[in-house]
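A.B. asks: A single structure is presented below for examination.
Protein chains: 2
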Amino acid sequence: MTYELYYWPGIQGRGEFVRLALEDAGARYRDVGREDRTALTRFLDDRKVTHPPFAPPFLKSGKLVVAQTANILLYLGPREGLAPKGEAGRLWVHQLQLTLADLVLEAHDVHHPLGANFYYENQKPESLRRAADFRAERLPKFLGYFEDVLARNRAKGDYLSGRTRSYADLSLFQVVEGLRYAFPRAMARLDRDHPRIAALHDRIAARPRIKAYLASDRRIPFNEDGIFRHYPELDGD
Amino acid sequence: MTYELYYWPGIQGRGEFVRLALEDAGARYRDVGREDRTALTRFLDDRKVTHPPFAPPFLKSGKLVVAQTANILLYLGPREGLAPKGEAGRLWVHQLQLTLADLVLEAHDVHHPLGANFYYENQKPESLRRAADFRAERLPKFLGYFEDVLARNRAKGDYLSGRTRSYADLSLFQVVEGLRYAFPRAMARLDRDHPRIAALHDRIAARPRIKAYLASDRRIPFNEDGIFRHYPELDGD
Numbered sequence: 036m037t038y039e040l041y042y043w044p045g046i047q048g049r050g051e052f053v054r055l056a057l058e059d060a061g062a063r064y065r066d067v068g069r070e071d072r073t074a075l076t077r078f079l080d081d082r083k084v085t086h087p088p089f090a091p092p093f094l095k096s097g098k099l100v101v102a103q104t105a106n107i108l109l110y111l112g113p114r115e116g117l118a119p120k121g122e123a124g125r126l127w128v129h130q131l132q133l134t135l136a137d138l139v140l141e142a143h144d145v146h147h148p149l150g151a152n153f154y155y156e157n158q159k160p161e162s163l164r165r166a167a168d169f170r171a172e173r174l175p176k177f178l179g180y181f182e183d184v185l186a187r188n189r190a191k192g193d194y195l196s197g198r199t200r201s202y203a204d205l206s207l208f209q210v211v212e213g214l215r216y217a218f219p220r221a222m223a224r225l226d227r228d229h230p231r232i233a234a235l236h237d238r239i240a241a242r243p244r245i246k247a248y249l250a251s252d253r254r255i256p257f258n259e260d261g262i263f264r265h266y267p268e269l270d271g272d
Numbered sequence: 036m037t038y039e040l041y042y043w044p045g046i047q048g049r050g051e052f053v054r055l056a057l058e059d060a061g062a063r064y065r066d067v068g069r070e071d072r073t074a075l076t077r078f079l080d081d082r083k084v085t086h087p088p089f090a091p092p093f094l095k096s097g098k099l100v101v102a103q104t105a106n107i108l109l110y111l112g113p114r115e116g117l118a119p120k121g122e123a124g125r126l127w128v129h130q131l132q133l134t135l136a137d138l139v140l141e142a143h144d145v146h147h148p149l150g151a152n153f154y155y156e157n158q159k160p161e162s163l164r165r166a167a168d169f170r171a172e173r174l175p176k177f178l179g180y181f182e183d184v185l186a187r188n189r190a191k192g193d194y195l196s197g198r199t200r201s202y203a204d205l206s207l208f209q210v211v212e213g214l215r216y217a218f219p220r221a222m223a224r225l226d227r228d229h230p231r232i233a234a235l236h237d238r239i240a241a242r243p244r245i246k247a248y249l250a251s252d253r254r255i256p257f258n259e260d261g262i263f264r265h266y267p268e269l270d271g272d
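Those sequence lines, one after another, are chains A and B. Numbering (this note's numbering) for the first sequence: 36 to 272. Numbering (this note's numbering) for the second sequence: 36 to 272.
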């Protein structure tokens with residue numbers, strides 16, 4: 036079976052968390068939004084869809100349509116060997132994913148504190164204030180949390196949960212990639228304080244399928260339309 | 036078995052979505068944070084916890100500790116008859132819950148656009164701008180979506196999904212309650228345009244266990260420390 040991923044073309048965005056999971060699992064998928072942008076809006080406007088998504092990304096798997104990034108990963112987890120089979124393990128990995136989603140949203144809101152309907156250029160002073168708080172307080176709090184989760188799991192393995200990588204590890208890799216792109220100065224300091232996260236990032240980057248994916252043109256470069264944007268003025272001194 | 040809910044005392048907050056689910060299911064639970072605030076921070080600081088929550092609410096069920104509101108409801112769903120048993124139905128209800136969580140966060144960020152670390156009083160002009168966009172664009176978009184979901188399900192039942200209420204219906208009830216408290220003027224208009232949501236709200240409010248809960252002192256009144264805050268200046272004309 037071939038999955039169909041529907042997401043905006045031109046950005047990694049939230050779709051990237053799904054792409055990394057599908058790529059690392061070696062699953063067959065079509066990136067529909069990149070092939071045919073109208074297919075995405077056509078589907079969102081289709082009155083016959085029983086379970087309409089509020090927004091991309093969504094994944095078609097046969098007749099099933101699943102939306103919300105964390106929910107898509109919840110679905111793919113046991114099916115593609117990306118999460119533990121048992122209930123406690125599945126809930127724990129999902130909990131980590133939802134916490135990563137909170138961090139991703141805060142990283143986005145740094146450049147859009149007044150909401151996505153205003154351009155960054157129209158909320159720059161507000162972004163500067165939010166960015167300072169993000170770098171000094173929120174980001175260290177989140178990174179400290181994930182560093183601690185890795186430390187508590189160290190007797191079992193080098194991952195967030197158990198002995199093998201889950202979709203949450205792939206997502207943490209992507210978050211670190213995005214943060215380093217958006218906040219290179221702040222992350223140079225923070226990386227030193229969070230060696231387990233940095234090591235996990237490198238371990239994921241070295242996985243053969245991830246390595247091949249990152250080198251391919253399926254990986255869209257970071258840019259200033261996505262979630263993680265490099266505006267030097269938001270990166271501090 | 037008695038569940039233990041851990042959440043900040045004094046506010047409904049995100050804990051309320053869990054309380055409503057437990058109450059409507061007739062489940063036995065202790066609201067630990069209200070009985071003993073130190074129990075909550077003691078648990079968060081406990082180095083022996085394998086799966087530490089990032090933040091409240093979290094739910095103890097025997098040895099299991101589950102955090103992230105939507106994840107707690109995902110866990111309670113099939114166990115307490117609050118969600119469909121089948122995979123497609125479970126994913127759909129969870130997807131709706133995650134979309135409600137997005138709306139709840141945006142409702143919160145109206146009074147905290149620069150982040151939770153600044154007092155509202157120190158971000159009032161920014162709140163005014165974000166509030167105008169929320170009332171005019173974001174809120175109608177979300178409510179229009181849920182009205183549409185109710186319409187698409189009408190052949191099956193008067194709920195978001197299938198023939199019976201799920202935790203997502205209880206959460207939509209709570210969102211409407213909160214929005215009416217925070218934005219009474221805006222919601223008076225919006226309620227007229229979303230009759231299915233208003234009807235669902237009333238149907239949930241009339242459920243015997245919900246009715247008894249709302250009349251009890253277990254229901255904390257809305258206030259200006261919670262997610263939904265009534266600041267008249269943010270409610271428009």
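We put the CB at the ideal spot given by N, CA and C, even for glycine.
Less than 8 Å between CB atoms is the rule here; does B:GLY179 satisfy it with respect to chain A?
C.D. replies: As a first step, residue 179 of chain B is located in the second sequence; it is residue number 144 there, counting from the start. False, the Cβ-Cβ gap to chain A never drops below 8 Å.
A.B. asks: Mind listing the chain A neighbours of B:GLU197? Cutoff is C-beta to C-beta under 9 Å, in chain order.
C.D. replies: Working through the second sequence from its first residue, we reach residue 197 of chain B at position 162. The sequence shown places Gly at residue 197 of chain B, not Glu. Those within 9 Å of B:GLY197 in chain A number zero; the least Cβ separation is about 11 Å.
A.B. asks: Whole angstroms is fine: what's the gap from A:LEU138's alpha carbon to B:ALA136's?
C.D. replies: Here the question's residue 138 of chain A lines up with position 103 in the first sequence. Here the question's residue 136 of chain B lines up with position 101 in the second sequence. Distance between the alpha carbons of A:LEU138 and B:ALA136: 14 Å.
A.B. asks: Report the CB separation of A:ARG63 from A:TYR38 in whole angstroms; it is logged as a contact under 8 Å.
C.D. replies: Your numbering for residue 63 of chain A matches position 28 in the first sequence. Your numbering for residue 38 of chain A matches position 3 in the first sequence. Contact holds; Cβ gap of about 7 Å.
A.B. asks: For A:ASP183, go through chain B and note every residue whose CB falls closer than 8 Å to its CB, in chain order.
C.D. replies: Within the first sequence, numbered from 1, the residue matching residue 183 of chain A stands at position 148. The answer, in chain order, is PRO87.
A.B. asks: Interface residues of chain B around A:HIS129 at Cβ under 8 Å?
C.D. replies: What you label residue 129 of chain A is simply residue 94 of the first sequence in a count that begins at 1. Correct list: GLN103, ASN106 and LEU109.
A.B. asks: Is the shortest distance between the beta-carbon of B:THR134 and the beta-carbons of chain A less than 8 Å?
C.D. replies: Along the second sequence, read from residue 1 onward, the residue named residue 134 of chain B stands at position 99. For B:THR134, the answer is yes, since a Cβ of chain A falls inside 8 Å of its Cβ.
A.B. asks: Go to A:ARG200, then tell me how far its alpha helix (DSSP H) extends in each direction, as first and last residue.
C.D. replies: As a working mapping, residue 200 of chain A is identified with position 165 in the first sequence. No alpha helix (DSSP H) contains A:ARG200, which DSSP labels as neither H nor E.
A.B. asks: Which one of B:TYR42, B:ASP144 and B:PRO243 has the shortest CA to CA distance from B:ASP71?
C.D. replies: The residue given as residue 71 of chain B occupies position 36 in the second sequence. Selected option, being the one with the closest Cα: B:TYR42.
A.B. asks: Is there contact here, the stretch 196 to 204 of chain A with the stretch 124 to 131 of chain A, by at least three beta-carbon pairs under 8 Å?
C.D. replies: With the cut-off at 8 Å, the stretch 196 to 204 of chain A and the stretch 124 to 131 of chain A touch.
A.B. asks: A:ARG65 bridges to which residues according to DSSP?
C.D. replies: Numbered from its first residue, the first sequence carries residue 65 of chain A at position 30. Answer is A:GLU39.
A.B. asks: By DSSP, does A:LEU99 sit in helix, in strand, or in coil?
C.D. replies: What you label residue 99 of chain A is simply residue 64 of the first sequence in a count that begins at 1. In this structure, A:LEU99 counts as strand in the three-state DSSP scheme.
A.B. asks: Which first and last residues belong to the alpha helix (DSSP H) in which A:GLY13 is found?
C.D. replies: In the structure as shown, chain A starts at 36 and stops at 272, and residue 13 of chain A therefore has no counterpart that could be examined.
A.B. asks: Consider the Cβ of A:GLU172: report whether some Cβ of chain B lies at a distance smaller than 8 Å.
C.D. replies: For this step, residue 172 of chain A is matched to residue 137 along the first sequence. At least one chain B Cβ lies under 8 Å of A:GLU172.
A.B. asks: What distance in whole Å lies between the Cβ atoms of A:THR134 and B:PHE89, which are believed to be in contact at a cut-off of 8 Å?
C.D. replies: Here residue 89 of chain B is taken as the residue at index 54 of the second sequence, counted from 1. Here residue 134 of chain A is taken as the residue at index 99 of the first sequence, counted from 1. Contact flag correct, Cβ pair sits at about 5 Å.
A.B. asks: Could you check which residue in B:THR199, B:ARG49, B:ARG165 and B:ASP59 has the C-alpha nearest to that of B:ALA240?
C.D. replies: To locate residue 240 of chain B, count along the second sequence from 1; it is residue 205. The residue with the shortest Cα to Cα distance from B:ALA240 is B:ASP59.
A.B. asks: Which word fits B:GLU268, buried or exposed, when buried means at least 16 other C-beta atoms lie within 10 angstroms of its C-beta?
C.D. replies: Mapped onto the second sequence, residue 268 of chain B falls at position 233. B:GLU268 should be labelled exposed.
A.B. asks: Compare the C-beta of B:GLU268 with all C-beta atoms of chain A and state if any pair is closer than 8 Å.
C.D. replies: Numbered from 1 along the second sequence, position 233 holds the residue referred to as residue 268 of chain B. No, B:GLU268 does not count as interfacial toward chain A.
A.B. asks: Report the start-end ranges of each alpha helix (DSSP H) in the stretch 76 to 123 of chain A that is 4 residues or longer and not cut off at the edges.
C.D. replies: Within the stretch 76 to 123 of chain A, the complete alpha helix (DSSP H) runs of at least 4 residues are 104 to 114.
A.B. asks: Starting from the Cα of B:ASP168, find the closest Cα among B:GLY48, B:PRO148, B:ASP80 and B:TYR216 and give me that residue.
C.D. replies: The residue you call residue 168 of chain B lines up with position 133 of the second sequence. The option with the nearest alpha carbon to B:ASP168 is B:PRO148.
A.B. asks: Would you mind sorting A:ASN106 into buried or exposed? The rule is 16 or more other CB atoms within 10 Å of its CB.
C.D. replies: Along the first sequence, read from residue 1 onward, the residue named residue 106 of chain A stands at position 71. So A:ASN106 counts as buried.
A.B. asks: Any Cβ of chain A within less than 8 Å of the Cβ of B:ARG49?
C.D. replies: Numbered from its first residue, the second sequence carries residue 49 of chain B at position 14. No, B:ARG49 does not count as interfacial toward chain A.
A.B. asks: Between the stretch 170 to 184 of chain B and the stretch 215 to 230 of chain B, do three or more beta carbon pairs fall short of 8 Å?
C.D. replies: Result yes; three or more Cβ-Cβ pairs closer than 8 Å.
A.B. asks: Going along chain A in order, which residues have a C-beta closer than 8 Å to the C-beta of B:ARG165?
C.D. replies: Counting from one through the second sequence, the residue named residue 165 of chain B turns up at place 130. Per Cβ cutoff of 8 Å: PRO148, LEU149 and GLY150.
A.B. asks: Leaving aside the five residues before and after A:GLY50 along the sequence, list all residues of the same chain whose C-beta is less than 6 Å from its C-beta, in chain order.
C.D. replies: Counted from its first residue, the first sequence places residue 50 of chain A at position 15. So the list reads TYR42 and PRO92, once near-sequence residues are dropped.
A.B. asks: Taking only the alpha-carbon atoms, compute the straight-line gap between B:ALA165 and B:LYS98 and give it to the nearest angstrom.
C.D. replies: By one-based count along the second sequence, residue 165 of chain B stands at place 130. By one-based count along the second sequence, residue 98 of chain B stands at place 63. The sequence shown places Arg at residue 165 of chain B, not Ala. Cα to Cα, the separation comes out at about 42 Å.
A.B. asks: How should B:PRO119 be labelled, buried or exposed, when 16 other C-beta atoms within 10 angstroms of its C-beta is the threshold for buried?
C.D. replies: By one-based count along the second sequence, residue 119 of chain B stands at place 84. Buried, by the Cβ-count rule.
A.B. asks: Within the continuous alpha helix (DSSP H) that includes B:SER162, where are the two ends?
C.D. replies: Counting from 1 along the second sequence, the entry for residue 162 of chain B is found at position 127. Element bounds for B:SER162: 159 to 168.
A.B. asks: Within 10 angstroms of the Cβ of B:PRO87, are there 16 or more other Cβ atoms? Answer buried if so, exposed if not.
C.D. replies: For the purposes of this step, residue 87 of chain B is identified with residue 52 of the second sequence, where counting begins at 1. It is buried - the Cβ of B:PRO87 has at least 16 other Cβ atoms within 10 Å.
A.B. asks: Considering only the beta carbon of each residue, do B:VAL67 and B:LEU40 sit closer than 8 Å?
C.D. replies: Start at 1 with the first residue of the second sequence, and residue 67 of chain B comes out as number 32. Start at 1 with the first residue of the second sequence, and residue 40 of chain B comes out as number 5. Contact: yes.
A.B. asks: Keeping to the same chain, check which residues put their C-beta closer than 8 Å to that of A:GLU115; ignore five residues upstream and five downstream.
C.D. replies: The residue labelled residue 115 of chain A in the question sits at position 80 within the first sequence. Once the five neighbours on either side are set aside, the close Cβ partners of A:GLU115 are ALA56, LEU57, ALA60 and ALA62.
A.B. asks: Work out the CA separation of A:LEU185 and A:SER196 for me, nearest whole Å.
C.D. replies: Within the first sequence, residue 196 of chain A is the residue found at index 161, counting from 1. Within the first sequence, residue 185 of chain A is the residue found at index 150, counting from 1. Taking the straight line from one Cα to the other gives about 8 Å.
A.B. asks: Is the shortest distance between the beta-carbon of A:LEU99 and the beta-carbons of chain B less than 8 Å?
C.D. replies: What you label residue 99 of chain A is simply residue 64 of the first sequence in a count that begins at 1. So yes, A:LEU99 belongs to the interface.
A.B. asks: Near A:ALA74, what residues of its chain come up, given a Cβ to Cβ distance below 8 Å and the 5 sequence neighbours on each side ignored?
C.D. replies: Translated into positions along the first sequence, residue 74 of chain A becomes position 39. Closer than 8 Å at the Cβ level, and outside the excluded window around A:ALA74, lie TYR41, VAL67 and GLY68.
A.B. asks: Counting along the chain, where does the alpha helix (DSSP H) carrying A:TYR248 start and finish?
C.D. replies: To locate residue 248 of chain A, count along the first sequence from 1; it is residue 213. Segment 243 to 250, the alpha helix (DSSP H) holding A:TYR248.
A.B. asks: Determine, using beta carbons only, whether A:ALA247 comes closer than 8 Å to chain B.
C.D. replies: On the first sequence, position 212 is the one that residue 247 of chain A refers to. Not closer than 8 Å to any Cβ of chain B, the Cβ of A:ALA247 fails to qualify, so no.
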